[in-house]
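**Q** Provided herewith is a single structure, encoded as structure tokens, for subsequent inquiry.
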Amino acid sequence: MAEITESKNFIHAFIDEDIAEGGQFEGMTVHTRFPPEPNGYLHIGHCKALIIDFGTAEKYGGMCNLRMDDTNPTKEDVEFVDAIREDIHWLGFDWGDRFFYGSDYFEKDYEYAVELIKKGLAYVCELTPEQFKEYRGDLQHPAISPYRDRPIEESLDLFRRMREGEFEDNRYTLRAKIDLTSGNFNMRDPVIYRIRHMHHHRQGDKWCIYPMYDFAHPIQDALEGITHSLCSLEFENHRALYNWVVEHVSVPHHPRQIEFARLGIDHTVLSKRKLRALVENNYVSGWDDPRMPTLCGLRRRGYTPKSIRNFCDRVGVAKSPNTIEFAFLEHCLREDLNETATRVMAVLKPIKLTITNYPEGKSEIFQVENNSLDESAGYRDVTFSRNLWIEADDFMEEKVGKFFRMFPGNEVRLKGAYVVKCTGCVKDENGNVVEVLCEYDPESRGGDTADGRKVKSTIHWVDAANCCDAEIRLYDNLFDDPDPDAAGKDFLACMNPHSLEILSDCKVEASLKDAKAPSSFQFMRQGYFCPDSKDSSPEHLVFNRSVSLKDSFKPGK
Ligand code: ATP
Ligand code: MG
Numbered sequence: 001m002a003e004i005t006e007s008k009n010f011i012h013a014f015i016d017e018d019i020a021e022g023g024q025f026e027g028m029t030v031h032t033r034f035p036p037e038p039n040g041y042l043h044i045g046h047c048k049a050l051i052i053d054f055g056t057a058e059k060y061g062g063m064c065n066l067r068m069d070d071t072n073p074t075k076e077d078v079e080f081v082d083a084i085r086e087d088i089h090w091l092g093f094d095w096g097d098r099f100f101y102g103s104d105y106f107e108k109d110y111e112y113a114v115e116l117i118k119k120g121l122a123y124v125c126e127l128t129p130e131q132f133k134e135y136r137g138d139l140q141h142p143a144i145s146p147y148r149d150r151p152i153e154e155s156l157d158l159f160r161r162m163r164e165g166e167f168e169d170n171r172y173t174l175r176a177k178i179d180l181t182s183g184n185f186n187m188r189d190p191v192i193y194r195i196r197h198m199h200h201h202r203q204g205d206k207w208c209i210y211p212m213y214d215f216a217h218p219i220q221d222a223l224e225g226i227t228h229s230l231c232s233l234e235f236e237n238h239r240a241l242y243n244w245v246v247e248h249v250s251v252p253h254h255p256r257q258i259e260f261a262r263l264g265i266d267h268t269v270l271s272k273r274k275l276r277a278l279v280e281n282n283y284v285s286g287w288d289d290p291r292m293p294t295l296c297g298l299r300r301r302g303y304t305p306k307s308i309r310n311f312c313d314r315v316g317v318a319k320s321p322n323t324i325e326f327a328f329l330e331h332c333l334r335e336d337l338n339e340t341a342t343r344v345m346a347v348l349k350p351i352k353l354t355i356t357n358y359p360e361g362k363s364e365i366f367q368v369e370n371n372s373l374d375e376s377a378g379y380r381d382v383t384f385s386r387n388l389w390i391e392a393d394d395f396m397e398e399k400v401g402k403f404f405r406m407f408p409g410n411e412v413r414l415k416g417a418y419v420v421k422c423t424g425c426v427k428d429e430n431g432n433v434v435e436v437l438c439e440y441d442p443e444s445r446g447g448d449t450a451d452g453r454k455v456k457s458t459i460h461w462v463d464a465a466n467c468c469d470a471e472i473r474l475y476d477n478l479f480d481d482p483d484p485d486a487a488g489k490d491f492l493a494c495m496n497p498h499s500l501e502i503l504s505d506c507k508v509e510a511s512l513k514d515a516k517a518p519s520s521f522q523f524m525r526q527g528y529f530c531p532d533s534k535d536s537s538p539e540h541l542v543f544n545r546s547v548s549l550k551d552s553f554k555p556g557k
């Protein structure tokens, strides 16, 4: 995977040109905006866009507006508006007092539309949506627009009556008069207003005509004094129309639109429509299910703002679409948590270990380091006694291959405590191992043998007399298929039936008794885990696996 360094960021190169001497924005403050549509929660793709928007403003000492793109009257909800703000703040960005709604400009949009009509640059059309498609023409044939020469006065009158609610949906549209022969179909007299008798979440029933995004968006940018309107690649073909609008209505500024490639990630889908389908059909527990690529899902999974910002920065800004491995996102999280997470011991699939030569009722305290990479993280007390829990996988009655952990006759080190020698096991009536037996070497306190005997393996454990029960949730990719988002694919058929495994009888060390989100721990030999922000409580601890220890990301792949 190519890492694109800052110097290669083509957006910054354009901006440098624009603000330099003689550039179109010479001497101006760089001003960007992030315009989410409040019809769903932000996902990691939006995150990339907003890091570009806010990050670019930050880099140039400029400003970035947060604008809810609520031009379209369908499916908007305050729940989403609040969540979007929370997510952006969580990532560490702020818009100050520059929070706007696209719908607040409806009156202005209307005035500019009237201006266009008066200039002979827009007209009321009465083609039905079907006819509109039929008359669009193709590369060899221009579009046909029978109402193009409607007198200005007549268009003005009809447009006013459209606003007043005299006509039913789709009876008329307002079209910009641009070029019926253009090779760019967006310029073939595009519709800029349509009739929709719909309630708007903020405007109520004030409007029954709504501006199209391609008309409203450049006006919003221009009125807010945006210098650089950064957007994803699907708007490239709309740039000509964007420029046409700002040039032909009397807005105070002429922003520049620059497009970048959308972020794609393998084994997931990044489209609000598809994510909503997962939620509504109960494939996941909600928008914040820890398997979701939404920011609230990633946060609940244990992702840190730093890891996500780092990921987006390193993916870079590209001009052509690219798909990044989910494993790279995990790699960025692992890197961050490796430095910061407290190391603890937790047994996911426990089996009892009894140290037969350790006195009953005796208890010792060991000091175990919190983070071997960070001396300042200090030590914590871990109690030790005759009965411990270890991973069932760390014992084999008969050793196979290169297994060097617990098997009869073998010595292992119990992390931070003693060296023990396995002496056998106890089985139930069905022949299942229910308890492992061992003897400890009293001379090996702290983990080193007195005579220098080599001990190959170190295993983790918790004191059965002093530990907590926990539920632990292990996550895997939501989709088996690496590209469930591909056009034409039934993404619901690509789901991984094993994306969630719940372990309900885990044993974790006592220091985790009061663990609360947000916090991250490295469960020794297992991975990074965080308390679940919704379901975990001191009475019922629940941990999510954020990421395993094993890194499957291969640089250069
Ligand atoms: P979706 O298909 O998920 O609904 P959208 O583009 O309709 O995406 P918006 O709320 O309109 O969602 O997006 C806000 C901004 O985020 C837009 O500027 C859009 O270009 C950008 N964006 C959305 N998805 C991605 C992505 N995968 N990569 C980069 N930018 C994205
Ligand atoms: Mg959109």
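The sequence shown begins at 1 in the working numbering and counts up one residue at a time.
Idealized CB from N, CA, C, for every residue including glycine.
Starting from Cys467, follow the beta strand (DSSP E) in both directions and report where the run begins and ends.
**A** Segment 467-475, the beta strand (DSSP E) holding Cys467.
**Q** How many Å lie between Ala143 and Phe132 at the Cα?
**A** Whole-angstrom Cα-Cα distance: 9 Å.
**Q** Pairing CB atoms from the segment 87-96 with CB atoms from the segment 201-216, are three or more of them under 8 Å?
**A** Flag = no, the segment 87-96 and the segment 201-216 do not touch.
**Q** Give the DSSP-derived three-state secondary structure of Tyr101 in the structure shown.
**A** Looking at Tyr101 - three-state DSSP - the assignment turns out to be strand.
**Q** Around ligand 1, which residues pass a check of Cβ closer than 5 Å to any of its heavy atoms?
**A** Listed along the chain, these residues meet the criterion: Pro36, Glu37, Gly45, His46, Lys48, Ala49, Cys231, Ser232, Arg262, Leu263, Leu270, Ser271, Lys272.
**Q** For Phe326, collect the residues of the same chain with a Cβ closer than 8 Å to its Cβ; drop the 5 residues on either side in sequence, then sort them by chain order.
**A** Taken in chain order, the residues that qualify are Ile265, Asp266, His267, Thr268, Asn477.
**Q** Report back the beta-carbon spacing between Ser546 and Tyr528 to the nearest angstrom; my notes put them in contact at under 8 Å.
**A** Indeed, because the Cβ distance is near 4 Å, the residues count as touching under 8 Å.
**Q** Cα-Cα, which of Arg239, Leu174, Leu414 is closest to Met162?
**A** Taking only the C-alpha atoms, the option nearest Met162 is Leu174.
**Q** Under DSSP, the alpha helix (DSSP H) around Leu414 begins and ends at which residues?
**A** Unbroken run through Leu414 is the beta strand (DSSP E), 411-414; no alpha helix (DSSP H).
**Q** Which runs of the alpha helix (DSSP H) spanning at least 4 residues fall entirely within the segment 226-299, listed in chain order?
**A** Qualifying alpha helix (DSSP H) stretches, in chain order: 239-248, 272-280.
**Q** Helix, strand or coil for Thr323, going by three-state DSSP, please let me know.
**A** Strand at Thr323.
**Q** Measure the C-alpha to C-alpha separation of Ser591 and Arg300 and round it to an integer number of angstroms.
**A** Residue numbering for the chain in the displayed model covers 1 to 557; residue 591 lies beyond these limits and cannot be assessed.
**Q** Quick test of your reading: Met198 and Pro73, contact by CB under 8 Å. State the CB separation rounded to the nearest angstrom.
**A** That pair is a contact at about 4 Å.
**Q** Given that a residue counts as buried once 16 or more other Cβ atoms are within 10 Å of its Cβ, and exposed if not, what is Ala346?
**A** Its Cβ being crowded by 16 or more others within 10 Å, Ala346 is buried.
**Q** Across the segment 302-316 and the segment 351-363, are there enough close Cβ pairs to call them in contact, namely three or more that are closer than 8 Å?
**A** The answer is no - the segment 351-363 does not touch the segment 302-316, with fewer than three Cβ pairs under 8 Å.
**Q** What is the DSSP secondary structure of Gln526, reduced to helix, strand or coil?
**A** Here Gln526 sits in coil by DSSP.
**Q** Assuming Gly62 and Thr29 are in contact, meaning their beta carbons sit under 8 Å apart, how far apart are those beta carbons, in whole angstroms?
**A** With a Cβ gap of about 5 Å, Gly62 and Thr29 count as contacting.
**Q** Assuming Leu230 contacts Gly45 under a Cβ cut-off of 8 Å, what Cβ separation, rounded to an integer in Å, is found between them?
**A** Going by Cβ atoms, the distance from Leu230 to Gly45 rounds to 14 Å, so no, they are not a contact pair.
**Q** If distances are taken between C-alpha atoms only, which option among Glu439, Gly431, Glu435, Gly416 comes closest to Thr423?
**A** Thr423 has its Cα closest to that of Glu439, out of Glu439, Gly431, Glu435, Gly416.
**Q** Taking the C-alpha atoms as reference points, what is the distance between Lys454 and Arg405?
**A** Those two C-alpha atoms are separated by around 13 Å.
**Q** Report the rounded CA-to-CA distance for Val245 versus Phe14, giving the unit in angstroms.
**A** Cα to Cα, the separation comes out at about 21 Å.
**Q** Which residue comes first and which comes last in the alpha helix (DSSP H) that contains Lys211?
**A** For the sequence presented, residue 211 should be read as Pro rather than Lys. Unbroken run through Pro211 is the beta strand (DSSP E), 209-211; no alpha helix (DSSP H).
**Q** Nearest-angstrom Cα distance between Ala83 and Met68?
**A** Distance between the alpha carbons of Ala83 and Met68 is about 12 Å.
**Q** Check for me: the alpha helix (DSSP H) holding Gln131 runs from which residue to which?
**A** Looking at the DSSP string, the run of the alpha helix (DSSP H) that includes Gln131 is 129-134.
**Q** Can you tell me where the beta strand (DSSP E) with Asp558 in it begins and where it stops?
**A** The structure shown does not extend to residue 558, since the chain is modelled only from 1 through 557, so no value can be given for it.
**Q** Given that a residue counts as buried once 16 or more other Cβ atoms are within 10 Å of its Cβ, and exposed if not, what is Thr128?
**A** So Thr128 ends up on the exposed side.
**Q** Among Met187, Val434, Asp221, which has the Cα closest to the Cα of Glu391?
**A** Of the candidates Met187, Val434, Asp221, the one whose C-alpha sits nearest the C-alpha of Glu391 is Val434.
**Q** With 16 as the cutoff for other CB atoms within 10 Å, does Thr558 come out buried or exposed?
**A** Absent from the model: residue 558. The displayed extent of the chain is 1 to 557, so no value can be given.
**Q** The alpha helix (DSSP H) with Ser546 in it runs from where to where?
**A** From DSSP, Ser546 is part of no alpha helix (DSSP H) but of the beta strand (DSSP E) over 541-548.
**Q** Looking at the unbroken alpha helix (DSSP H) that takes in Lys59, where does it start and where does it end?
**A** From DSSP, the alpha helix (DSSP H) with Lys59 extends over 44-59.
**Q** Does Asp559 pass the burial test, meaning 16 or more other C-beta atoms within 10 Å, or should it be called exposed?
**A** Only positions 1 to 557 of the chain appear in the structure, and residue 559 is not among them; the question remains open.
**Q** Apart from the five residues on each side of it in sequence, which residues of its chain come closer than 8 Å, Cβ to Cβ, to Asp336?
**A** Contacts found: Thr304, Lys306, Ser307, Asn310.
**Q** What is the C-beta distance between Tyr101 and Asp77, in whole angstroms, given that I count them as a contact (C-beta under 8 Å)?
**A** Rounded, the Cβ-Cβ distance is 13 Å, inconsistent with contact.
**Q** In the DSSP assignment, find the unbroken alpha helix (DSSP H) run with Asp307 in it and report its ends.
**A** Contrary to the premise, residue 307 reads as Ser rather than Asp in this sequence. 305-315 is the extent of the alpha helix (DSSP H) around Ser307.
**Q** Just confirm the distance between the C-beta atoms of Lys507 and Asp469, as a whole number of angstroms; I'd bet it's less than 8 Å.
**A** About 7 Å separates the two Cβ atoms, so the contact holds.
**Q** Pull up the distance between the alpha-carbon of Cys125 and that of Phe235, whole angstroms please.
**A** Each residue's alpha carbon lies about 25 Å from the other.
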